[in-house]
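Below is one structure; the comments refer to it alone.
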Amino acid sequence: MILTIALDPILESKYYINNPMNNIDIRPEEYRYNIDGEGICTGIILKNHNVNVFTTGFLGGLKGEYIFYGLKELKIYNDFIFIKDETKGRIIINNSGDISHIIDEESPRITREELGSFYKLYNKIIDNCEIICALGSLPQGVPEGIFFDLIEMGNRKNKKIILNGKGSELIYGLEASPFMVILDKDDLENISRVRLNFENEIIKVGKAILEKGIELVVIDLEDKGTIVLTKEAGFRLEIPNAKDLKLNMDKGYLAAGYTFGMDKRYDFETTMRLGQGFRIAYGLVDDLGSIEMSDIKRIMTEVQIMPISY
2 MILTIALDPI
12 LESKYYINNP
22 MNNIDIRPEE
32 YRYNIDGEGI
42 CTGIILKNHN
52 VNVFTTGFLG
62 GLKGEYIFYG
72 LKELKIYNDF
82 IFIKDETKGR
92 IIINNSGDIS
102 HIIDEESPRI
112 TREELGSFYK
122 LYNKIIDNCE
132 IICALGSLPQ
142 GVPEGIFFDL
152 IEMGNRKNKK
162 IILNGKGSEL
172 IYGLEASPFM
182 VILDKDDLEN
192 ISRVRLNFEN
202 EIIKVGKAIL
212 EKGIELVVID
222 LEDKGTIVLT
232 KEAGFRLEIP
242 NAKDLKLNMD
252 KGYLAAGYTF
262 GMDKRYDFET
272 TMRLGQGFRI
282 AYGLVDDLGS
292 IEMSDIKRIM
302 TEVQIMPISY
């Protein structure tokens with residue numbers, strides 16, 4: 002079973018309008034509610050491809066109930082710590098096909114008791130999971146070192162852990178040596194405190210991360226592809242006609258692709274192609290349920306893999 006962690010899930014309200022926003026009274030032509038957050042999205046994607054997945058984290062208030070029942074409707078097994086505060090909301094206004102406004106609510110505040118309950122729940126759940134996806138941002142009150150703690154707990158039980166975080170929580174998490182980490186250029190610049198203008202500089206910082214005991218480093222370059230580094234070899238993945246695509250921010254798409262490949266025990270090349278295929282296919286859509294495996298396979302055939310010499 003795969004475990005996805007959603008510490009700060011989001012209930013997203015998206016409104017589609019087709020007129021200038023210079024009026025006080027605006028009527029959307031369409032609106033949609035999405036359950037969101039990297040851990041949530043990764044779980045939904047994996048479930049859509051018939052992977053046995055379990056999701057945990059924090060939920061609270063009416064928004065939390067909506068997410069809970071949404072996951073239940075999708076038949077995604079889950080067990081959350083229900084908190085006193087309200088789960089985070091987000092409003093997105095899409096004007097004539099482009100996002101014009103994003104309004105993010107404040108994340109909930111987690112109490113010491115709620116945090117302690119989560120650690121106990123997590124330690125119990127991971128006994129039945131082979132791969133753990135520790136993804137996304139943190140709510141208020143959760144220590145920056147939580148990913149370090151969760152990774153150490155998983156490592157003690159020989160679990161493969163995929164880390165994708167931001168800022169200090171990412172830096173702390175790396176010190177616990179997860180099996181795999183997903184980063185982007187901004188993450189690498191934050192870690193190295195150096196501006197990275199060229200790919201050889203990006204690769205150099207990525208290789209330094211491998212020295213922390215991490216088996217696999219995947220660097221997301223958005224429409225330019227990915228850089229994949231292991232201790233033995235490095236690879237540059239790209240799709241020739243993808244550079245003009247407007248991809249959404251990665252909400253766990255790479256993690257879903259690599260997790261899918263590892264869960265199915267595919268060879269490494271196939272797993273890399275899956276990661277890139279998931280990243281592009283889901284980066285082009287709003288509806289996670291609209292992507293079929295045939296869409297991903299079509300992209301996989303176009304992926305070019307070039308070796309990187311160390």
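Each residue of the sequence shown is one higher than the one before, counting from 2 in this note's numbering. We put the CB at the ideal spot given by N, CA and C, even for glycine. Just so we're clear, the structure is a prediction, and the values are computed from it rather than from any experiment.
- Counting along the chain, residue 294 sits inside the alpha helix (DSSP H) bounded by residues 294 to 301.
- Taking C-beta atoms under 8 Å as the contact rule, residue 148 and residue 135 qualify, at a distance of about 5 Å.
- Inclusion of residue 90 and residue 64 in the CB contact set at 9 Å is warranted, their separation being smaller than that value.
- By the neighbour-count criterion, in which 16 or more other beta carbons inside 10 Å mark a residue as buried, residue 158 falls on the exposed side.
- In the structure shown, residue 90 adopts extended strand secondary structure according to DSSP, grouped into three states.
- Here DSSP, grouped into helix, strand and coil, assigns residue 231 to coil.
- Taking 8 Å as the upper bound for CB-CB distance, residue 139 and residue 57 are not in contact here, some 14 Å apart.
- Residue burial annotation: residue 199 is exposed, with fewer than 16 other C-beta atoms found within 10 angstroms of its C-beta.
- Between residue 6 and residue 137, the CB-CB gap stays under 9 Å.
- Residue range 39 to 49 is occupied by the alpha helix (DSSP H) that includes residue 39.
- Unbroken alpha helix (DSSP H) runs of no fewer than 4 residues, entirely contained in the region 256 to 300, are found at 269 to 284, following chain order.
- Of the candidates 152, 67 and 193, 193 places its Cα closest to the Cα of residue 168.
- Following the DSSP letters along the chain, one finds residue 175 in no beta strand (DSSP E) but inside the alpha helix (DSSP H) bounded by residues 168 to 175.
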